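Colleague:
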Amino acid sequence: MAIIKCKMCGGDLNVAGDSQIAVCEYCGTQQTVPKQDNEKKLTLFARANRLRFSCEFDKAAGVYDSIVAEFPEEPEAYWGLVLCKYGIEYVDDPATGKKVPTCHRSSFDSVLEDANFELVMEYSDVVTRKIYREEAKAIEELRRGIIEVSSREEPYDIFICYKETDENGQRTLDSVLAQDLYDALTEKGYRVFFSRITLEDKLGQEYEPYIFAALNSARVMLAVGTDYEYYNAPWVKNEWSRYLQLIAAGQKKSLIPCYKNIDAYDMPKEFAKLQAQDLGKVGVTQDLLRGIEKLFGKSNEQKGAQSPTPIAASPNTDALLRRGHLFLEDKDWENADTYFDKVLDLDPECAEAYLGKLLAQLRITSVNNISCDEIILPDDFGTAEELGYYKKASRFGDSQIKQSLQKVKTAVEVKVVYDAACKKMKTAQTSDEFRQLADSFRQAEAFYRDAKNLITECTQMLEVFRENEKRYSILAEQLAKQTEELGLLQNEAREFEKTTRDEMQSTQEACDEIPFFRLKERQQKQKEADALKQKLYAQCAEYAKKISILNEQRQDTQKEISALAKKNYLSKNHALDGVVPSKLGDQIVCPLCGSIQPSGRKKCFDCGVEFVSDITG
29 MAIIKCKMCG
39 GDLNVAGDSQ
49 IAVCEYCGTQ
59 QTVPKQDNEK
69 KLTLFARANR
79 LRFSCEFDKA
89 AGVYDSIVAE
99 FPEEPEAYWG
109 LVLCKYGIEY
119 VDDPATGKKV
129 PTCHRSSFDS
139 VLEDANFELV
149 MEYSDVVTRK
159 IYREEAKAIE
169 ELRRGIIEVS
179 SREEPYDIFI
189 CYKETDENGQ
199 RTLDSVLAQD
209 LYDALTEKGY
219 RVFFSRITLE
229 DKLGQEYEPY
239 IFAALNSARV
249 MLAVGTDYEY
259 YNAPWVKNEW
269 SRYLQLIAAG
279 QKKSLIPCYK
289 NIDAYDMPKE
299 FAKLQAQDLG
309 KVGVTQDLLR
319 GIEKLFGKSN
329 EQKGAQSPTP
339 IAASPNTDAL
349 LRRGHLFLED
359 KDWENADTYF
369 DKVLDLDPEC
379 AEAYLGKLLA
389 QLRITSVNNI
399 SCDEIILPDD
409 FGTAEELGYY
419 KKASRFGDSQ
429 IKQSLQKVKT
439 AVEVKVVYDA
449 ACKKMKTAQT
459 SDEFRQLADS
469 FRQAEAFYRD
479 AKNLITECTQ
489 MLEVFRENEK
499 RYSILAEQLA
509 KQTEELGLLQ
519 NEAREFEKTT
529 RDEMQSTQEA
539 CDEIPFFRLK
549 ERQQKQKEAD
559 ALKQKLYAQC
569 AEYAKKISIL
579 NEQRQDTQKE
589 ISALAKKNYL
599 SKNHALDGVV
609 PSKLGDQIVC
619 PLCGSIQPSG
629 RKKCFDCGVE
639 FVSDITG
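According to the numbering used here, numbering within the sequence shown proceeds without interruption in unit steps and concludes at 645.
(1) Express the C-alpha separation of PRO62 and ILE483 in angstroms, rounding to a whole number.
(2) Measure the alpha-carbon distance for GLU53 versus ASP137 and round it to whole angstroms.
(3) Under 8 angstroms by Cβ, that's how I've got LEU323 and SER282 pegged, so tell me the actual separation to the nearest angstrom.
(4) For the putative contact between PHE221 and ALA246, defined by C-beta atoms under 8 angstroms, what is the C-beta separation to the nearest angstrom?
(5) Can you give me the C-alpha to C-alpha distance between GLU321 and ASN289, rounded to a whole angstrom?
(6) Comparing alpha-carbon positions, which option in LYS452, ALA474, PRO285, GLN552 lies nearest GLN303?
(7) Whole angstroms are fine: how far does the CA of THR411 sit from the CA of GLN434?
(8) Could you pull out every residue in the same chain whose Cβ sits closer than 8 angstroms to the Cβ of THR585, ignoring the five residues on either side in sequence?
(9) Considering only residues of the same chain and omitting the five flanking positions on each side of GLY384, which have a CB-CB separation below 6 angstroms?
(10) Under 8 angstroms, do PHE85 and CYS112 count as touching if we go by C-beta distance?
(11) Going straight from the alpha carbon of GLU638 to that of GLY197, what length do you get?
(12) Between which two residues does the beta strand (DSSP E) harbouring GLN59 extend?
(13) Relative to the C-alpha of GLN59, which residue among ASP294, PHE73, LEU41, CYS486 is closest?
(14) With the cut-off set at 8 angstroms, would you say CYS37 and PRO262 are in Cβ contact?
(15) Is ASP202 buried or exposed, if buried means 16 or more other CB atoms sit within 10 Å of its CB?
(16) Do three or more CB pairs link the region 116-135 to the region 155-169 at distances below 8 angstroms?
(17) Is the beta carbon of GLU414 less than 8 angstroms from the beta carbon of SER134?
(18) Grouping DSSP H, G and I as helix and E and B as strand, with all else coil, what is GLY384?
(19) Can you name, in chain order, every residue of its own chain whose Cβ lies under 7 angstroms from the Cβ of PHE240, other than the five neighbours on each side?
(20) Which runs of the alpha helix (DSSP H), 4 residues or longer, sit entirely within the region 193-273?
(21) Threshold first: 4 residues or longer. Then list the alpha helix (DSSP H) segments lying entirely within the region 363-435, N to C.
(22) ILE167: buried (16+ other C-beta within 10 angstroms of its C-beta) or exposed?
(23) From ILE404 to GLU380, what does the alpha carbon distance come to, in whole angstroms?
(24) Using the C-alpha atoms, what's the distance from THR313 back to ASP447?
(25) Would you mind sorting THR57 into buried or exposed? The rule is 16 or more other CB atoms within 10 Å of its CB.
(26) Is CYS11 helix, strand or coil when you go by DSSP?
(27) Just to confirm, is the Cβ distance from ALA364 to LEU356 under 8 angstroms?
(28) Closer than 8 angstroms is the cut-off here; do at least three beta carbon pairs connect the region 537-545 with the region 469-487?
(29) Could you tell me which whole alpha helix (DSSP H) segments of length 4 or greater appear in the region 79-118?
(30) Would you list the one or two residues that DSSP bridges to GLN23?
(31) Under 8 angstroms between the Cβ atoms of ASP142 and VAL110?
(32) Taking Cβ positions, are LEU517 and ILE575 nearer each other than 8 angstroms?
(33) Please classify LEU41: does DSSP put it in a helix, a strand, or coil?
(34) List the endpoints of the continuous alpha helix (DSSP H) containing ILE167.
(35) In whole angstroms, give me the CA-to-CA distance for GLU580 and PHE493.
(36) So CYS189 is in the beta strand (DSSP E); what residue range does that whole segment cover?
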């Protein structure tokens, strides 16, 4: 079989048997490994991991995709896709010496809500699931930190993508050309991300937050290249491929390939339909500047300094703003968004227009009359501050605009908490969970009319579940004790029967060996054998009676446990598309039918209802 490599350090792993967990002897990291049931699969994993170690995440993701296509229940392949999406590389922590993740491809999407991570959870077992979850939590914490740092960055107009040094560590021609463009663009007043200069004061820090912020804010990317290999260098491709993904997702951005000394056809195939610029042509810089001016919709003179001053609304923009707000009142979101866009065409720094577009996006008719029920959050929603229109409104707005934004932020946060709590109510099954739910609904009490009723319901359920948990604990101990007693009694009965039968057989054999002429002696021995037989029958009957009684008691306890689980289930009025089983030692109890069964199951073996989750895992 192919050698399995450590996903953190790349060392060879010694995997015991069919285990899906191994500890690396080089870096000491406990980790999951793919199922060792197919040579071809392990070979593909080896290739994908080599690419990921080289930070060629797109190529690695392609290999993981091929594994998923052929082995759709392999959780490690889905985990590989998660690592590639977030550009995870494991590096040494100087403080501890342990391997820790670093993120090269951040995202507004939570790791824990990623579709591939959900498949990891679905196809992994109880033990490996815990390891995957802990790794995902560490990456999610890292992602949130990047988002927090990037949110404080001023937006950029233009991002210059290029290769800084060659294989010998010398500055490339690409870098020189990129700096010429940087100088020309900044002279025209554009705010430009050029890593050689932009990141020079960030030495010793993680670069990803600043790259992430620049990629998401920049309207234009210039991809500079003088060599096919330079365009496809891991870190260069990492930047332009992420930018193309943002364009594919519908963002209004433009990527302009800028090449020199290579044929246009030798550029990456992803650039084939893009309008490229040959930096070797006379006057190309002027052509490029004119093209960029058109993309931004303003002249060089209008662009001005890098720290713009808000422009007062003109009578024309005032009328357009009023039309936009009237459309908001009518819940005509599309026309509202259109009219606010018209304002921005005239005044690109109008904070009220950005606020209006934010309201249209969230389906809010008015800041002074926000209905949380009607708010619709984007699919990729993280926080209110991460929304593009929110950022722009905050950047250009005065104190009044910022007060309005705070109201929107508060309403959105309340909606997130309320929706999460409503969802959690379908699966909550402990007193602690209902206590937390009651606290969540208290936060939403001022925004949702039914919040008060939900608080009351949670409080009532809290008391019910507290009592049920106490009784459940007593019954679980009782069942365990009864099961133990039953086992001891059955063992005792079996041992008695064996011993008595052996003694009876020995006595009978001794009787049969006595000659018939010793009749009295033979009759006496036969009486002993018969007495042993009677003792066996009588004692076995007694044991059977005791076992039957204890079995009935045990069944009664099981019935009470099942009824209690069912009572909890029915009292919460769960939807029938999935239930959460109750824990009973190393087993679980179906709350719908009360069947006791092994943990780790996806559905009840008796009634067939789907388990939402296994609380033991």
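C-beta: ideal position from N, C-alpha, C; glycine also.
Source: prediction; values computed, not measured.
Modeller: Checking against the coordinates, here is how it stands:
(1) 45 angstroms
(2) 34 angstroms
(3) 6 angstroms
(4) 6 angstroms
(5) 26 angstroms
(6) PRO285
(7) 12 angstroms
(8) LEU503, GLN506, LEU507, GLN510
(9) GLY352, PHE368
(10) yes
(11) 58 angstroms
(12) 58-60
(13) LEU41
(14) no
(15) buried
(16) yes
(17) no
(18) helix
(19) SER134, ILE174, SER178
(20) 201-215, 223-226, 236-245, 256-259
(21) 379-390, 416-424
(22) buried
(23) 20 angstroms
(24) 52 angstroms
(25) buried
(26) No statement about residue 11 is possible, as the shown extent of the chain runs from 29 to 645 and does not include it.
(27) yes
(28) no
(29) 85-98, 103-113
(30) A question about residue 23 goes unanswered here, because the residues of the chain that appear run from 29 up to 645.
(31) yes
(32) yes
(33) coil
(34) 154-179
(35) 27 angstroms
(36) 186-189
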